[in-house]
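Asker:
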Amino acid sequence: MRDRAKLSVMTRLATVQRAKRVGAEAALAEARRVEDEAQATEGRARATLADAHRQWVDHMAAPRFLPEFSALLSGVLVRSADDADDAARETEASADARAHRQSEWQMLEARVRAGEDKLRDFRRKVARRVEENRTAERADRTTFAWCRS
1204 MRDRAKLSVM TRLATVQRAK RVGAEAALAE ARRVEDEAQA TEGRARATLA DAHRQWVDHM
1264 AAPRFLPEFS ALLSGVLVRS ADDADDAARE TEASADARAH RQSEWQMLEA RVRAGEDKLR
1324 DFRRKVARRV EENRTAERAD RTTFAWCRS
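The opening residue of the sequence shown carries number 1204 in my numbering; numbering runs sequentially from there.
(1) Just to confirm, are R1215 and V1315 a CB contact at a threshold of 7 Å?
(2) Assign Q1220 to one of two classes, buried (16 or more other C-beta atoms within 10 Å of its C-beta) or exposed (fewer than that).
(3) Under 8 Å, with one C-beta from each stretch per pair, do the stretch 1328-1347 and the stretch 1259-1275 reach the 3-pair mark?
(4) Report buried or exposed for W1259, applying the criterion of at least 16 other Cβ atoms within 10 angstroms of its Cβ.
(5) Between the Cα of S1306 and those of L1231, E1245 and L1322, spot the shortest distance and give me the residue it belongs to.
(6) Are S1283 and A1300 close, meaning C-beta to C-beta below 7 Å?
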């Protein structure tokens, strides 16, 4: 493959790799946003659980104990604990997804950098060859002109 054709192909490949990197950056940003939302949801669920626990403990410590209200508060406490556990699992899943997206982005970033390094080196090589060919052509013309005189 001629240098110019190879350079064109390498340039197009570098452009594709850059586009993939941009897509991976967007996916990583979205994964971070989802993780932040999951963490906020988990925080709210933990606060709700703490509040339900406090209400249940306060009711149990009160001098006037109502079994019906106690059952209601314990049901709220159990549901809050389940919600907090679900939120924790969601946070863990979103953290795993973010870690996966970050790994993909890092791999693409490394590929883009390596490709750009190779492209830069190849451009220099092509430019050096072009300059060497020009110099050789000038030398030939000079030699030919010298021989004719």
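Beta carbons are placed, not taken as given, at the ideal position from N, Cα and C, and that holds for glycine.
It should be emphasised that the depicted structure is a prediction, and the values quoted were computed from it without experimental measurement.
Answerer: This is what the structure gives:
(1) The sequence position of residue 1215 within the sequence shown is 12, counting from 1. The sequence position of residue 1315 within the sequence shown is 112, counting from 1. No, they are not a contact pair.
(2) In the sequence shown, the residue the question calls residue 1220 occupies position 17. With 16 or more other Cβ atoms within 10 Å, it is buried.
(3) no
(4) Mapped onto the sequence shown, residue 1259 falls at position 56. By the neighbour-count rule (16 or more Cβ atoms within 10 Å), W1259 is buried.
(5) The residue you call residue 1306 lines up with position 103 of the sequence shown. Checked all of L1231, E1245 and L1322; the closest Cα to S1306 is L1231.
(6) Here residue 1283 refers to the residue found at position 80 when the sequence shown is read from its first residue. Here residue 1300 refers to the residue found at position 97 when the sequence shown is read from its first residue. It is not a contact, given that the beta carbons lie outside the stated cut-off.
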